[in-house]
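Colleague:
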Amino acid sequence: MTAIRLENLVKRFGGFTALKSMDLSIGDGEFMALLGPSGCGKSTTMNMIAGMEEPSEGRILFGDRDMAGVAMGRRGVGFVFQNYAIFTHMTVRQNLDYGLRMARSPKAEIARRTAAIADLLQLGDLLDRPASGLSVNILQRVAIGRSAMMEPAIFLLDEPLSNVDAAFRAVMRTELKHIQREFRQTMVYVTHDQLEAMTMADRIAVMDHGVLQQVGTPLEVYNNPANVFVARFIGAPGMNLLAGVPVEGAEGLRIDLGALGRSAVLDAPLAAAARRAKGGVQFGFRPEQVDLVAAGAGLGMTVGFVERIGARTIVHLERDGITAKAVFDNDTRVLVGDLVHLAPHPGALRLFDAATGAALREV
Amino acid sequence: MTSAEISKDMPARPAAREADEGARLGLRLTLPAQLLVLFISVFPLLMQLYISLTDWSPLSGLGWPRAYELWNGFANYVDVAGDGRLWSALGRTALVMVVCVPVEFLLGLALATLFADSFPGKRVFYSILIMPMMVVPAVAGYMFYMLFQSGGPVNDILSSLLGMPVTVAWLSDPMLAMLAVMVADIWQWTPLMFLILLAGLVGVPEDQMKAATLLGASPWQKFRTIVLPRMKTIIIIALAIRVIECFKIFDTLFIMTGGGPGVATETISVYIYKITTQDLIWGYVAAIALVILLVLSVACVWAIKRMARKERAA
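Those protein sequence lines, which keep their order, are chains A and B. Quick note on my numbering: the first sequence kicks off at 32 and runs consecutively. Quick note on my numbering: the second sequence kicks off at 108 and runs consecutively.
(1) How many angstroms separate the CA atom of A:Ala386 from the CA atom of A:Tyr115?
(2) Starting from B:Tyr175, trace the alpha helix (DSSP H) in both directions and tell me its first and last residue.
(3) Whose CA, out of A:Arg36, A:Pro68, A:Lys73 and A:Ser87, lies closest to the CA of A:Gly46?
(4) Given a cut-off of 8 Å, decide if A:Leu65 and A:Leu50 are closer than it, judged by their beta-carbon atoms.
(5) Does the beta-carbon distance from A:Gly266 to A:Arg317 come in below 8 Å?
(6) To the nearest angstrom, report how far apart B:Tyr175 and B:Glu373 are at their CA atoms.
(7) With distances taken between CB atoms, is the gap from A:Phe112 to B:Ala223 smaller than 8 Å?
(8) Which same chain residues, not among the five before or five after A:Asn126, have their C-beta less than 7 Å away from its C-beta?
(9) For B:Leu321, return the contacting residues in chain A, with the cut-off set at a CB-CB distance below 7 Å.
(10) Might you give, ordered along the chain, the residues of its own chain that have their beta carbon closer than 7 Å to the beta carbon of B:Ile362, omitting 5 neighbours on each side?
(11) Could you work out which residues of chain B lie near A:Met181, taking near to mean beta carbons separated by less than 8 Å?
(12) Considering only residues of the same chain and omitting the five flanking positions on each side of B:Lys115, which have a CB-CB separation below 7 Å?
(13) Give me the chain A residues within the contact set of B:Pro312, using Cβ-Cβ distance strictly less than 8 Å, ordered along the chain.
(14) Return the CA-CA distance between B:Ile157 and B:Trp163, expressed in angstroms with no decimal places.
(15) So, B:Thr438 versus B:Ala276, is the Cβ gap smaller than 8 Å?
(16) In chain order, what residues of the stretch 129-140 of chain A put their CB closer than 8 Å to some CB of chain B?
(17) Mind checking the stretch 157-180 of chain A against chain B and listing, in chain order, the residues whose C-beta falls within less than 9 Å of any C-beta there?
(18) Listed from N- to C-terminal order along the chain, which residues in the stretch 323-352 of chain B have their beta-carbon within a distance smaller than 8 Å of any beta-carbon of chain A?
(19) What are the boundary residues of the alpha helix (DSSP H) that A:Glu88 is part of?
(20) Short check: CB of A:Ala184 to CB of A:Gln211, under 8 Å?
(21) Spell out whether any CB of chain A is found under 8 Å from the CB atom of B:Ala318.
(22) Going by DSSP, what residue range makes up the alpha helix (DSSP H) through B:Ala306?
(23) For A:Tyr115, does the three-state DSSP call read helix, strand or coil?
(24) Could you check if A:Val261 is buried or exposed, using at least 16 other CB atoms within 10 Å of its CB as the buried criterion?
(25) Anything in chain A within Cβ reach of B:Gln315, meaning under 9 Å, just list it in chain order.
(26) Quick check on DSSP: helix, strand or coil for B:Leu216?
(27) Alpha carbon to alpha carbon, how far is B:Cys207 from B:Ala410? Give it in angstroms, no decimals.
(28) What whole-angstrom Cβ distance do A:Gly67 and A:Lys73 have, given they're in contact under 8 Å?
This is the structure in structure tokens:
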């Protein structure tokens, strides 16, 4: 087990900067998810940790050891590829003990470790089967087992569930989390799927355009996004962000939302945060954290489209070019064309500086 | 019967009759092509068999259909068994094969490994490398004929390298002539080996190579455990192509040495060419060709069976 520290990491490919600057500490035994849309630099970061790419600037430390110039075969890193990269011309056993065979470990030791790993990953009955033509969940276990055989201090997983169908993903998420608990290794997990990051990771590092946006536990990232990007990216659907201007009144501070009218009076800490904004703000609230209220209160918007997805109903709202979404229970009676009035839960309001996109936090 | 009619009453028919119908339609559709194949491969084979049992020659004054008038049973085949020149030509052909194919394979593999990675100027080198393959073999023959003259560039280069005058008569020395012929063959056909092997090498999944690296495999171990097994089929194909081609080696060699000095570089093709065009004993030539065909077929079947068995065992 080893902690990982990334210091001022930069990666350029010719004129293109894939990673602008990255500082991140990953704790010993922690499950860290690197989450972001494609092209955000998450895979580049992972490849540099594995040693497949050399950083253009900055340092990578495993514990106190600088990894610069350490070949990828010698870093003690287990890597699970997106397509698992199973050696399909070998049997499951030959895949599992590949690393140890190449290192010319004693036969007895290889047999002992293979048996232990096969037992842990329930591969015992499959050991002598050819690795080609196995199902995806078995391939994943073989890929993990093959790396685990080397007893790596760090496990890197590159979107291992992206080739799996949706129903199976839920099963594999649970299985992966279970495996991580068994191994108790530092795991770095690259994904663009927030559900995977949310359900498995101890902490999530959200990235966009080569820049680390926020690091935090899944709930921190969900509840208190550091900026507009994270607010929109996390959550399905993402946070509603409405352009507004803080307006002082007799009762306190409200946000003027243009055509939607004015928000309710903000509570004192949030009002203090809003006053720090130089110009306009983005008025944010989760679609899940709204109530329908009677006319005269809340924000009046027209129902444009209703998505019923089983457990919940997603309502798309519109007014004078301003759009928002709201999520209700499945039996909520709303029809396209209705004028509804939304009231975000008071504790759920988040404000962002319109100019910088950064969250305006209560101090 | 048109297809519309067939499809109309198809459901009423039993499956067996339907399949029968399909097979007959298929036969009728492919009949012209089958006749053509029959004409260009089976017919000459039968003609060859027929002539090989006679003393027929184009100088005999008889058309080949009347060759039965010169029937001599299996006398030609008895002669083939005792033809020392034939068997030594076969031996020389085998020698060319045994030397050239492995050298071409190893060179091709080394070059392919080199070209699988990128390096500056790769495209230019690539074009230069495959150029020999595009040279007409006869032209290549003349090139090497001139290169290996006693006053030619090969001796010049050797002279300047060794710092003393070298005037080896390459093509007049039985051993050196063979060497020169092999050099020419290797020069011309290594590029083909290189191309085929490069295609195979590029097909090795990069992820698997990276995975092996991360598991601590050395470059040689990766080559042995990932690259070679994955390229097995393509290697067999490349080797098969070259073995067959080597067996037929003719044009370059014939222009360089004409099979000489004496019979020092006379291969099967050169020998058959000579007795066909100079001795004109076509009945005998037909017998030789059939024997070689038989020997090669047996060798091929044996090799394929062996490979298939190994494949199953692996």
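Cβ atoms here follow ideal geometry from the backbone N, Cα and C, with glycine treated the same way.
Modeller: On the basis of the supplied data:
(1) Taking C-alpha positions only, A:Ala386 is separated from A:Tyr115 by approximately 43 Å.
(2) Boundaries for B:Tyr175: no alpha helix (DSSP H) harbours it, and the DSSP string shows neither H nor E there.
(3) Among A:Arg36, A:Pro68, A:Lys73 and A:Ser87, the Cα nearest to that of A:Gly46 belongs to A:Ser87.
(4) Going by beta carbons, A:Leu50 and A:Leu65 fall outside the 8 Å limit.
(5) Between A:Gly266 and A:Arg317, the C-beta gap is smaller than 8 Å, which places the two residues in contact.
(6) It is roughly 32 Å from the alpha-carbon of B:Tyr175 to the alpha-carbon of B:Glu373.
(7) Between A:Phe112 and B:Ala223, the C-beta spacing is not below 8 Å.
(8) Result list for A:Asn126: Ile117, Phe118, Ala162, Val173 and Arg177, in chain order.
(9) Going along chain A in sequence order, the residues near B:Leu321 (Cβ under 7 Å) are Ala81, Met103, Gly104, Val108 and Phe110.
(10) Within the same chain, B:Ile362 has close Cβ partners Ala245, Gly248, Tyr249 and Tyr252.
(11) Near A:Met181 (Cβ distances below 8 Å), the residues of chain B are Leu322 and Gly323.
(12) Annotation note: pLDDT 49 at B:Lys115 (below 50); position unreliable, no value reported.
(13) At a beta-carbon threshold of 8 Å, the residues of chain A lying near B:Pro312 are Ala116, ordered along the chain.
(14) Position check: residue 157 of chain B holds Tyr in this sequence, whereas Ile was assumed. B:Tyr157 and B:Trp163 have their C-alpha atoms some 10 Å from each other.
(15) The question about residue 438 of chain B has no answer, for chain B in this structure spans 108 to 421.
(16) Residues Tyr129, Gly130, Met133 and Ala134.
(17) Within the stretch 157-180 of chain A, the qualifying residues are Ala174, Arg177, Ser178 and Met180.
(18) So the close ones are Gly323, Ala324, Ser325, Gln328, Thr332, Ile333, Pro336 and Arg337.
(19) Per DSSP, A:Glu88 belongs to no alpha helix (DSSP H); it is in the beta strand (DSSP E), Glu88 to Phe93.
(20) 8 Å or more divides the Cβ of A:Ala184 from the Cβ of A:Gln211.
(21) For B:Ala318, the nearest beta carbon of chain A is closer than 8 Å to its own beta carbon.
(22) Unbroken alpha helix (DSSP H) run through B:Ala306: Pro281 to Val309.
(23) Per DSSP, reduced to three states, the secondary structure at A:Tyr115 is coil, with no helix or strand assignment.
(24) A:Val261 is classed as buried because its beta carbon has at least 16 other beta carbons within 10 Å across all chains shown.
(25) The contacting residues are Phe112, Ala116, Ile117, Phe118 and Thr119.
(26) DSSP places B:Leu216 in helix when its eight states are reduced to three.
(27) For B:Ala410 and B:Cys207, the distance between alpha carbons rounds to 19 Å.
(28) Beta-carbon to beta-carbon, A:Gly67 and A:Lys73 are separated by about 5 Å, close enough to satisfy the 8 Å threshold.
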